[in-house]
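Residue numbers (our numbering): 111 to 453.
For every residue, glycine included, the Cβ atom is placed at its ideal position computed from N, Cα and C.
The block underneath contains the structure these notes are about, expressed in structure tokens.
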């Protein structure tokens, strides 16, 4: 196994079967975590970049089988923030120091390219010192280009799985893995700092499918990768499925950091939901981003992708000082800056 880790450290090609061996081996975790922290700190030091998350719509036209926001979930409480509410939320975040924001929502046809263009322009004109990440799903190349021109700096589009058969387990027609991947390559082409990512332990997942994820990430070369454990939602077809493994999620975070020491890796809310100390464990495995939630409290509980999602607590913006203190006690340096990917 040490030979495979050496190949990874030396940036040599790793085959699918070799990735499968790396992913399935529990015995090397502490070594992987140590090497991952070393690689991260060589690029970013002990910095943890805090990005303000705004979940601005819970409407979605897709029907993904794992997601609580899926179109056919009649029990979901839907909401849309008004344009002025989105700007006011960003303003409050800016006042407390955030200079990096993530606008996330379902694929909501109400928020057309034209409407999103106007929102982004307003934000950038008001807060030109801030970086904007979008996470609003699959769009056309023209739409991505327009939103880039309006001021979007980054785009997060988790591919969820790079295995076509597994993709069909997770997503009904007309969604396709081919289109998902084409969107990611288009975002890279247009100059976005691009984020991919996957669920760990989703129904139909295996060490082999996760190995395919790592092969895809090595080809795409994204600037960000979001990795979190699958957590079931009670109003989805996967309600009775087993939750994904935290330890396997941490191993994949470490392996992704070793694959690209410059990568921006969130320690996700799903990780913090699955394990009370999950977000700190994510940092110890090599992550360097946390996204405190800026979404107004009166709608935050309605954006439930999975059961028992943390909607308040140390990861939430109202407890920012607690989060910063805890990070400091753990030896990290919390930063509210833009936090751009370092080449």
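| Asked | Found |
| --- | --- |
| Using the C-alpha atoms, what's the distance from residue 367 back to residue 143? | 9 Å |
| Quick check on residue 423: does DSSP put it in helix, strand or coil? | Confidence at residue 423 is low in this model, with a pLDDT of 49, below 50, so the placement of that residue should be treated as unreliable; the coordinate-derived value is given next. Correct three-state label for residue 423: coil. |
| Mind checking residue 239: buried by the 16 CB within 10 Å criterion, or exposed? | exposed |
| If you reduce the DSSP assignment to three classes, tell me which class residue 351 lands in. | coil |
| From the DSSP output, in three-state form, read off residue 397 for me. | coil |
| So, helix, strand or coil for residue 168, using DSSP? | coil |
| Between which two residues does the alpha helix (DSSP H) harbouring residue 242 extend? | Here residue 242 belongs to no alpha helix (DSSP H); instead the beta strand (DSSP E) covers 241-245. |
| Taking only the alpha-carbon atoms, compute the straight-line gap between residue 423 and residue 312 and give it to the nearest angstrom. | Bear in mind that a pLDDT of 49 at residue 423, under 50, signals an unreliable position, so the number given afterwards is only what the model happens to contain. Each residue's alpha carbon lies about 26 Å from the other. |
| Buried or exposed for residue 222, please, with buried defined as at least 16 other CB atoms from any protein chain shown within 10 angstroms of its CB. | exposed |
| In terms of alpha-carbon separation, which member of 307, 347 and 400 lies closest to residue 362? | 307 |
| At the level of alpha carbons, what is the spacing between residue 130 and residue 377? | 23 Å |
| Does the contact criterion of 3 or more C-beta pairs under 8 Å hold for the region 177-185 versus the region 198-213? | no |
| So the candidates are 387, 347, 139 and 279; which of them puts its Cα closest to the Cα of residue 181? | 347 |
| Out of 218, 435 and 380, which has the shortest C-alpha to C-alpha gap to residue 354? | 380 |
| Between which two residues does the beta strand (DSSP E) holding residue 304 run? | 303-310 |
| Ignore the nearest five residues each way along the sequence and tell me which others in residue 317's own chain have a CB closer than 8 Å to its CB. | 130, 133 and 134 |
| Can you give me the Cβ contacts of residue 320 inside the same chain, cut-off strictly under 6 Å, excluding the 5 residues immediately before and after it? | 133 |
| Would you mind working out which of 334, 364 and 280 sits nearest residue 340, comparing C-alpha positions? | 280 |
| Can you give me the C-alpha to C-alpha distance between residue 192 and residue 446, rounded to a whole angstrom? | 25 Å |
| Ignore the nearest five residues each way along the sequence and tell me which others in residue 324's own chain have a CB closer than 6 Å to its CB. | 129 |
| Give the C-beta separation of residue 109 and residue 304 to the nearest angstrom, bearing in mind that I take them to be a contact with Cβ-Cβ under 8 Å. | In the structure as shown, the chain begins at 111 and stops at 453. Residue 109 is therefore absent and cannot be evaluated. |
| Please list the terminal residues of the continuous alpha helix (DSSP H) segment that includes residue 253. | 251-260 |
| Could you tell me which uninterrupted alpha helix (DSSP H) segments, each at least 4 residues in length, are contained entirely in the region 177-245, listed from first to last along the chain? | 193-205 and 223-236 |
| In the DSSP assignment, the alpha helix (DSSP H) including residue 449 goes from what residue to what residue? | Looking at the DSSP string, residue 449 is not in any alpha helix (DSSP H), and its letter there is neither H nor E. |
| Determine the burial state of residue 534: buried for a count of at least 16 other Cβ atoms within 10 Å of its Cβ, exposed for fewer. | A question about residue 534 goes unanswered here, because the residues of the chain that appear run from 111 up to 453. |
| Enumerate, from N- to C-terminal direction, the unbroken alpha helix (DSSP H) stretches of 4 or more residues contained entirely within the region 112-143. | 112-119 and 126-134 |
| Is there at least one Cβ from chain D nearer than 7 Å to residue 355's Cβ? | In the structure shown, chain D does not exist; there is a single protein chain. |
| Within a Cβ cutoff of 8 Å, which residues of the same chain sit near residue 331, ignoring the five residues on either side of it in sequence? | 298 and 370 |
| Counting Cβ pairs closer than 8 Å, one from the region 154-163 and one from the region 202-210, do we hit at least three? | yes |
| Using the beta-carbon count (16 or more within 10 Å), is residue 236 buried or exposed? | exposed |
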